[in-house]
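A short write-up of the structure that comes next.
2 protein chains.
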Amino acid sequence: MTAGSAAMYYAMASLGHAQDSTYQGRISLTGEPTNGRRVLVLGAGLAGMTAALELRDAGYDVQVLEYREKAGGRCWTLRSGDTYTDIDGVTQNVDFEDGNYINPGPWRIPYNHHGVLDYCKRLGVRLEPFIQKNHNAYLHRSDAFGGEPQRFRHVATDYRGHVAELLAKATNQGMLDAEVTEADRETLINSLRTFGHLNDDNAYVESDRTSQYRGYAREAGGGRDGAPVPSEPMDFETLLQSDLWRWLSEAETTSHQNAIFQPVGGMDMIAQAFAREVDDLITYNARVISMIQNGDTVTVQYEDRENGGDPVEMTADWCVCTIPFSILGQMDHNLPSAKAQVVDTMYYEGAIKFGLEFNRRFWEEDDSIYGGITYTDLPISLISYPSTDYFSDGKGVLLGGYVWGANAYQFNAMQPDEAVRWAVEYGSRIHPQYPEEFSSGVCVSWHKVPWTLGCYGIWQDKERDYAGVVEMGPDDRIVLAGEHLSYLPAWMEGAILSSLDAIAQLHVRATDSGAGE
Amino acid sequence: MTAGSAAMYYAMASLGHAQDSTYQGRISLTGEPTNGRRVLVLGAGLAGMTAALELRDAGYDVQVLEYREKAGGRCWTLRSGDTYTDIDGVTQNVDFEDGNYINPGPWRIPYNHHGVLDYCKRLGVRLEPFIQKNHNAYLHRSDAFGGEPQRFRHVATDYRGHVAELLAKATNQGMLDAEVTEADRETLINSLRTFGHLNDDNAYVESDRTSQYRGYAREAGGGRDGAPVPSEPMDFETLLQSDLWRWLSEAETTSHQNAIFQPVGGMDMIAQAFAREVDDLITYNARVISMIQNGDTVTVQYEDRENGGDPVEMTADWCVCTIPFSILGQMDHNLPSAKAQVVDTMYYEGAIKFGLEFNRRFWEEDDSIYGGITYTDLPISLISYPSTDYFSDGKGVLLGGYVWGANAYQFNAMQPDEAVRWAVEYGSRIHPQYPEEFSSGVCVSWHKVPWTLGCYGIWQDKERDYAGVVEMGPDDRIVLAGEHLSYLPAWMEGAILSSLDAIAQLHVRATDSGAGE
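Keeping their order, the protein sequence lines are chains X and B.
If you count by the numbering used here, then the first sequence holds residues 1 to 517, one letter each, in order.
If you count by the numbering used here, then the second sequence holds residues 1001 to 1517, one letter each, in order.
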């Protein structure tokens, strides 16, 4: 190892979570770049702006080229007055009430995405809790319960209760004597009674106890008629056959567990905060058409999307390329062939999101749903209720659908306005208030987003190819970064951590005397 | 039924949750009070202020007598500069940083407490999500895992996984053929695979899959070394014997499910909002010493706690008494004997809460715990992390203990400063940062709170006595209200719903011609 390389990467912070995180606190790039200090960053998304911010702070001369008219990339929020034109040339004008918004891309920040959270703190982005799980939201299948949506709390409590009852019975009847020691059997049954809210006979039944978890048929009150009325659990067979149990774990990965956050005012508050730092380094409306490394330099050509004219050529000592492979594959470049092959074969997921504005927050006023997600087998997949401005009057915006896979193709075949009409039609099967309350909508299909042509990158063979692509080769002047070059694909954290590793590699090369390697 | 009585109670609102709630929207007391319009309200807690607000709006002449120097009762927040003197005469001076606070009484508002939520909206109280459940908080027993706190996500995911594995095994081996139809068996096993994150062999094992839920040993990152390292589940026997499963359902009653709220800035924002409406009706520092109903009137005597002097006597046509039975039982009153007996026998729970301020938010910075609750078998019972000002610098205040039962007696025998020292000592076994970071603390023992002598009322025989106490008898000029007269004891919702029913009864009597009943 050469001088600065080991000591330099990260200031080992006093962060207590450091042991299980790959983010080790603010990056510290010490030492002077002696092998060239000019860096071209391609793309002003979070990966690009992280690189620009940190490299400039480390003494580099940084320039950023960005395709769009503003920074942020997929860290993007649509608000009233915004327009968006897709690759079909269809323009949507967002007509939401002031203050309302939809995040077509990332929309949540898990508690363990330490990189994003740290930059939010450094850059002054205010965060508020995102409500992921809501027991009062619905689970819905068209072929279950006659198409009537069921409350999550009913399905979750009943499933757990029935499972606990069955296992307690099997244990009690000696069926599991080979599996569970005698000493553990009583503890197991006690625990199942707690876990499943079973009665003293280990049965899951209608009771005050179970109603405390699944909800009462009539809630407790005060004064006369204050006594609550218990609710009747679903029988297990109905519940099993309904298939609604499929969604019970949706909110329970560490990426979705409480507390999970969102920026106050929209996800692009993060993009705007980064842009405030590095705006002076960014050339907007610059469509990069080639990226060629040649010995000690990198040469990039771009077209000015606004003013046309001949391609502009820029040369630098180093390049951090955050352009998605879906776009990079269409450009001229001379990346080593192993990397080029991955660029060419990476598939981009084509998720679709709907932002639907309604005249009032009927989900709160009528259904007592404050934030959280309803899941359905309809092509919209889910409805997510806003985790902000609870109890407010005026219009509110739902995430009216978040669609992948085959359902995405169906919507992709439509114009946005037709897709929005279908999202409203589907949603009305869960919320009958939809047709009367619908105000306006917007639909973003990521396969049609000009600057990414997809939502996030999927590797053909990540285990085989990953290391070779993220590593800067000895002859490379270009280092690649972005969510696609991480184990947190589609997450902003992946973009930031990838970028930090990329610039750490670049800095080793730029500060290295060249001897000893 | 007489004229207005049926139609009058509540304006049947268009609230969609009306069918299962006992709160039917804003109360509508129509018709003129013809049988006396002077009402004395005893107590300016939420029950008293609700009564005062609504009765004045309905045309009554309302006066409120309050023991304290300010309104709110148990809806109470302690902030920097506040002092509090308990019945032992011990005064605590709260020395928190500006903006920090602790709620010694109620601290959360469930999504289905429609009454509280509606008054918050009417009165302009801003609400924010309260984080109840946090998978990254701890479960702790002194005798489990050598006293090392365990992450909730480890215990919850592993318990569920092992339970699912056991039941899948029993089902697969034909042990449950009598309980589960053949058609359901495969569905059950499929569902258990989803529910418990089992592998294709229905086993709960170390894997990428299970690590997504319980957390990785090393989290996913970007660039080189981005691949996550799976974590190893605990074996079931260790988990069962640890007893940590006891707390897995703590946050899962409908009173604790997402979304659950708190006022921005402290719970007494609700008290302050009510007080803004009815402050002109309230006489503060008035210690009521007698309440006598006599034919058509009620006579109340109170002492001026500030200026001493002879008792002041007030007479009214009606009285809404929200004084806790723990206090009422010590006053002169002539309530009917059946009611008086309940007043005398109601026991008040003696919970204790600790507010501990620390020099920094180490639970966030070191442990990545943002809101939520850690449970322990130590006498402090739990530690709750603040659901506000996440990521902020400066000092932060924990709920450093919330204690009932036998543990409460232990702390009650101490002076507040000694109790706080013990809360810090206990907490340090979970968070070793405690001793170094501790700044100041406050301890409120509800048995020592002068205006309640307890936390909430517990009935000797609620089923037998409840109806007779909440019902206004034909000769009564006094109606009783408060959380103790509800099926939501200790909750603000219980106080408000009790009060609304009380004033509805009073209004029937006051507007009734007396004929026909």
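Where a beta carbon is used, it is the ideal one built from N, C-alpha and C, also for glycine.
Endpoints, the alpha helix (DSSP H) within which residue i is located
{"i": "B:ASN949", "result": "Because chain B spans 1001 through 1517 in this model, residue 949 of chain B falls outside it and cannot be assessed."}
{"i": "B:GLY1048", "result": "1046-1057"}
{"i": "B:ALA1164", "result": "1152-1172"}
{"i": "X:PRO416", "result": "416-427"}
{"i": "X:PRO228", "result": "Neither: X:PRO228 is in no alpha helix (DSSP H) and is coded neither H nor E."}
{"i": "X:GLU357", "result": "It is not in any alpha helix (DSSP H) - X:GLU357 instead sits in the beta strand (DSSP E) that spans 352-358."}
{"i": "X:GLU128", "result": "That residue, X:GLU128, is in no alpha helix (DSSP H); its beta strand (DSSP E) goes 127-130."}
{"i": "B:GLN1241", "result": "1236-1242"}
{"i": "B:TYR1138", "result": "Where B:TYR1138 is concerned, there is no enclosing alpha helix (DSSP H), although the beta strand (DSSP E) it sits in stretches over 1138-1140."}
Cross-strand partners of residue i (DSSP beta bridge)
{"i": "B:HIS1333", "result": "B:MET1291"}
{"i": "X:SER384", "result": "X:ILE373 and X:LEU399"}
{"i": "B:MET1314", "result": "B:VAL1300"}
{"i": "X:ALA286", "result": "X:ASP304"}
{"i": "X:LEU497", "result": "DSSP output for X:LEU497 lists no bridge partner at all."}
{"i": "X:VAL39", "result": "X:VAL62 and X:TRP318"}
{"i": "B:LEU1480", "result": "B:CYS1321"}
{"i": "B:LEU1328", "result": "According to DSSP, B:LEU1328 bridges with nothing at all."}
Contacts that residue i makes with chain B (C-beta to C-beta distance below 7 Å)
{"i": "X:LYS121", "result": "PHE1391"}
{"i": "X:TYR302", "result": "Per Cβ cutoff of 7 Å: no residues; X:TYR302 is ~25 Å from chain B at best."}
{"i": "X:MET175", "result": "ALA1170 and MET1175"}
{"i": "X:ARG246", "result": "THR1194"}
Cβ-based burial, residue i [other Cβ within 10 Å; buried from 16]
{"i": "B:TRP1446", "result": "buried"}
{"i": "X:ASP280", "result": "exposed"}
{"i": "B:TYR1490", "result": "According to the sequence as given, residue 1490 of chain B is Ala; it is not Tyr. B:ALA1490 should be labelled buried."}
{"i": "X:ALA6", "result": "With a pLDDT of 33 at X:ALA6, under the threshold of 50, the predicted position of this residue should be treated as unreliable, and no value is reported."}
{"i": "X:TRP318", "result": "buried"}
{"i": "X:TYR50", "result": "As written in the sequence, residue 50 of chain X is Thr, which differs from the Tyr given in the question. Buried is the call here."}
{"i": "B:PRO1474", "result": "exposed"}
{"i": "B:MET1008", "result": "In this prediction, B:MET1008 has a pLDDT of 33, which is less than 50 and means its spatial position is unreliable; nothing more can be read from the coordinates."}
{"i": "X:GLU436", "result": "exposed"}
{"i": "B:GLY1146", "result": "exposed"}
{"i": "B:HIS1017", "result": "Summary for B:HIS1017: the model assigns pLDDT 42, below 50, so the residue's position carries little reliability; its value from the coordinates is reported in the next sentence. B:HIS1017 is buried by the Cβ-count criterion."}
{"i": "X:ASN93", "result": "exposed"}
{"i": "B:GLU1517", "result": "Because B:GLU1517 carries a pLDDT of 38, less than 50, the predicted location of this residue cannot be relied on, and the following value inherits that uncertainty. The residue is exposed, with fewer than 16 neighbouring Cβ atoms inside 10 Å."}
{"i": "B:ALA1510", "result": "buried"}
{"i": "B:SER1499", "result": "buried"}
{"i": "X:ILE478", "result": "buried"}
Residue range of the beta strand (DSSP E) that includes residue i
{"i": "B:ASP1061", "result": "1061-1065"}
{"i": "B:GLN1460", "result": "Per DSSP, B:GLN1460 belongs to no beta strand (DSSP E) and is neither H nor E."}
{"i": "B:ASN1093", "result": "1091-1093"}
{"i": "B:GLY1221", "result": "Careful: B:GLY1221 lies outside any beta strand (DSSP E) and carries neither H nor E."}
{"i": "B:GLY1309", "result": "First-last for B:GLY1309: undefined, no H or E at that position."}
{"i": "X:GLN262", "result": "260-263"}
{"i": "B:THR1085", "result": "1083-1085"}
{"i": "X:SER445", "result": "438-445"}
Listed by chain order, chain X residues near residue i by CB distance under 9 Å
{"i": "B:ILE1131", "result": "PRO129, ASN258 and ALA259"}
{"i": "B:ARG1074", "result": "Under the 9 Å cutoff, chain X gives no residues; its nearest Cβ is about 15 Å from B:ARG1074."}
Beta-carbon neighbours of residue i, restricted to chain X and to distances below 8 Å
{"i": "B:SER1384", "result": "Near B:SER1384 there are no residues of chain X at all, since even the closest Cβ is about 13 Å away, more than 8 Å."}
{"i": "B:GLY1394", "result": "Those within 8 Å of B:GLY1394 in chain X number zero; the least Cβ separation is about 13 Å."}
Chain-ordered chain B contacts of residue i [CB-CB under 8 Å]
{"i": "X:ASP225", "result": "THR1022 and ASP1501"}
{"i": "X:GLN212", "result": "THR1253, THR1254 and SER1255"}
Contact set between residue i and chain X, taken where Cβ atoms lie within less than 7 Å
{"i": "B:ALA1351", "result": "Chain X residues near B:ALA1351: none, gap ~19 Å exceeds 7 Å."}
{"i": "B:ALA1203", "result": "In chain order: nothing, as chain X lies at least about 12 Å away."}
{"i": "B:LEU1055", "result": "Neighbours of B:LEU1055 on chain X: none; closest Cβ ~15 Å, over 7 Å."}
### Task
Could you name the residues of the stretch 184-199 of chain X whose beta carbon sits closer than 8 Å to any beta carbon of chain B, in the order they occur along the chain?
Within the stretch 184-199 of chain X, the residues whose Cβ lies closer than 8 Å to any Cβ of chain B are, in chain order, ASP184, THR187, LEU188, SER191, LEU192, THR194, PHE195 and HIS197.
### Where the stretch 1497-1514 of chain B meets chain X: residues whose CB sits under 9 Å from a CB there
Cβ contacts with chain X: LEU1497, SER1498, SER1499, LEU1500, ASP1501, ALA1502, ALA1504 and GLN1505.
### Query
Residues in the stretch 403-430 of chain X with C-beta within 8 Å of chain B's C-beta atoms, listed in sequence order?
Residues: none.
### Message
At a CB distance below 7 Å, what residues from the stretch 1317-1335 of chain B approach chain X? Give them in sequence order.
### Response
Here the close residues number zero.
### Message
By the 7 Å beta-carbon criterion, what residues does the stretch 1102-1115 of chain B contribute toward chain X?
### Response
The residues in question are TYR1111 and ASN1112.
### Message
By the 7 Å beta-carbon criterion, what residues does the stretch 1371-1383 of chain B contribute toward chain X?
### Response
So the list reads GLY1371 and GLY1372, given in the order they occur along the chain.
### Message
Closer than 8 Å between beta carbons: that is the criterion. Which residues of the stretch 264-277 of chain X meet it against chain B?
### Response
Answer set for the stretch 264-277 of chain X: empty.
### Task
Please name the residues in the stretch 1065-1090 of chain B whose beta-carbon is closer than 9 Å to at least one beta-carbon of chain X, in chain order.
Under the 9 Å Cβ criterion, the stretch 1065-1090 of chain B contributes no residue.
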